[in-house]
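Numbering (the numbering used here), first residue to last: 8 to 362.
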């Protein structure tokens with residue numbers, strides 16, 4: 008056997024051994040320190056909609072501007088809402104006047120009850136007197152009937168006056184300013200004040216206004232989104248792994264993330280949660296038969312599941328919702344796998360200089 012043949016066999020054995028070792032490592036590492044390039048920065052995207060309708064008169068922010076909670080984003084023409092507020096104030100004044108009228112009616116009702124009560128008591132006594140005289144044959148039957156009729160009529164009048172007082176007191180409520188007309192007018196005034204304040208659309212919290220498409224003259228409709236708002240500090244990383252890769256992943260795992268926008272840098276993240284389903288398996292009752300998917304491929308595509316990662320650190324300002332990233336997970340208790348995970352993610356971060 009020549010020296011060349013020996014060298015060739017040595018090289019072949021070495022390559023075969025390296026291939027077997029590398030293949031075994033890939034299989035084991037995929038279960039112990041899974042890595043994926045299918046990761047994106049996610050964030051809460053708030054669609055800000057005005058609560059009143061009208062033309063936009065002022066736009067106080069620019070596209071991709073950072074704002075603080077309570078800052079005015081844009082203003083809506085408030086003229087008709089100021090008129091509505093003035094009308095509500097006048098309606099409240101009118102309601103107070105109506106309340107005063109009700110109090111006057113209450114006093115009149117009390118006087119009517121006193122008069123009706125006196126008339127009723129007098130008719131009652133007259134009927135009792137004639138009833139005694141009738142038993143002694145000292146009063147005629149017709150006089151007794153007339154007294155009874157008068158007694159019943161005065162009783163009905165008294166009840167009517169008492170019911171009138173009940174109706175008035177029900178409208179007056181428990182005290183001054185508690186009457187039904189005043190309460191209705193106060194509610195209308197509060198709504199008018201709220202509508203007027205809502206002509207200024209404010210930032211709900213600290214964040215960034217992005218994809219701004221609003222300008223003076225834009226017609227704003229209530230409850231229709233006009234501004235896209237991303238709150239500060241709401242960003243996290245969503246990583247899609249093959250389901251077999253994260254079958255053993257639990258809360259003891261940590262993550263290392265390399266962002267495409269920040270080549271060479273690696274950031275530690277914490278495993279927050281794992282989604283409990285994917286859209287492909289979601290079914291909606293529609294009265295139709297089962298749709299069976301046919302896959303003629305010998306090796307089908309692996310199902311991926313989403314893992315959500317968070318960090319206490321402030322992410323670089325270069326990142327945005329949708330930024331791509333590479334993620335590797337590793338068990339905290341294993342120093343070896345932790346070191347191998349760092350090596351993998353470090354190589355991935357360096358490759359981001361190229362692609």
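From the three backbone atoms N, C-alpha and C, an ideal C-beta is built for every residue, glycine too. Computed from a predicted structure; not experimentally measured.
Item                                                                                             : Value
Residue 225, DSSP secondary structure in three states                                            : coil
Coil, strand or helix - residue 10 by DSSP                                                       : helix
Contact under 8 Å by Cβ, residue 262 with residue 336                                            : yes
Buried or exposed (CB count within 10 angstroms, at least 16 for buried), residue 435            : For the chain, the structure presents residues 8 to 362; residue 435 sits outside this window and is missing.
Three-pair Cβ contact test at 8 Å for the region 307-319 versus the region 257-277               : yes
Span of the beta strand (DSSP E), counted from its first residue to its last, around residue 280 : 274-281
Nearest-angstrom Cβ-Cβ length linking residue 246 and residue 43, presumed shorter than 8 Å      : 5 Å
Sub-8 Å separation of residue 216 and residue 70 beta-carbons                                    : yes
Beta-bridge partners of residue 232, as assigned by DSSP                                         : Answer is none; residue 232 lacks a bridge partner.
Test item: CB-CB of residue 52 and residue 229 under 8 Å                                         : no
Per DSSP, the bridge partner or partners of residue 354                                          : In DSSP, residue 354 forms no bridge with anything.
Three-state secondary structure (DSSP) of residue 250                                            : coil
As assigned by DSSP and simplified to three states, the class of residue 214                     : strand
Residue 334 and residue 273 closer than 8 Å at C-beta                                            : no
Buried/exposed call for residue 283, threshold 16 Cβ in 10 Å                                     : exposed
Alpha-carbon spacing of residue 123 relative to residue 202, whole angstroms                     : 50 Å
Buried or exposed (CB count within 10 angstroms, at least 16 for buried), residue 88             : buried
Per DSSP, cross-strand counterpart(s) of residue 396                                             : What the structure shows of the chain is the stretch from 8 to 362, and residue 396 is not part of that stretch, so it cannot be assessed.
Own chain, CB closer than 7 Å to residue 288, minus 5 neighbours either side, in chain order     : none
Short Cβ contact (8 Å threshold) for residue 106 with residue 186                                : yes
CA-to-CA distance, residue 94 to residue 226, given in whole angstroms                           : 24 Å
Straight-line Cα distance separating residue 192 from residue 98                                 : 6 Å
Simplified DSSP state of residue 340, which is helix, strand or coil                             : coil
Residue 219 - DSSP class collapsed to helix/strand/coil                                          : coil
Rounded C-alpha distance that separates residue 180 from residue 85                              : 35 Å
Residue range of the beta strand (DSSP E) that includes residue 361                              : Here residue 361 belongs to no beta strand (DSSP E), and DSSP marks it neither H nor E.
8 Å contact criterion, which residue 311 and residue 250 should meet: CB distance rounded        : 7 Å
Residue span of the beta strand (DSSP E) that contains residue 44, given as start and end        : 42-49
Which of helix, strand or coil DSSP assigns to residue 61                                        : strand
C-beta contact flag for residue 266 and residue 332 at 8 Å                                       : yes
Integer Cβ distance of residue 116 from residue 231, believed to fall under 8 Å                  : With a Cβ gap of about 52 Å, residue 116 and residue 231 do not count as contacting.
Under the three-state DSSP convention, the category residue 305 falls into                       : coil
Proximity winner among 147, 357, 219, 240, relative to residue 213 (alpha-carbon distances)      : 240
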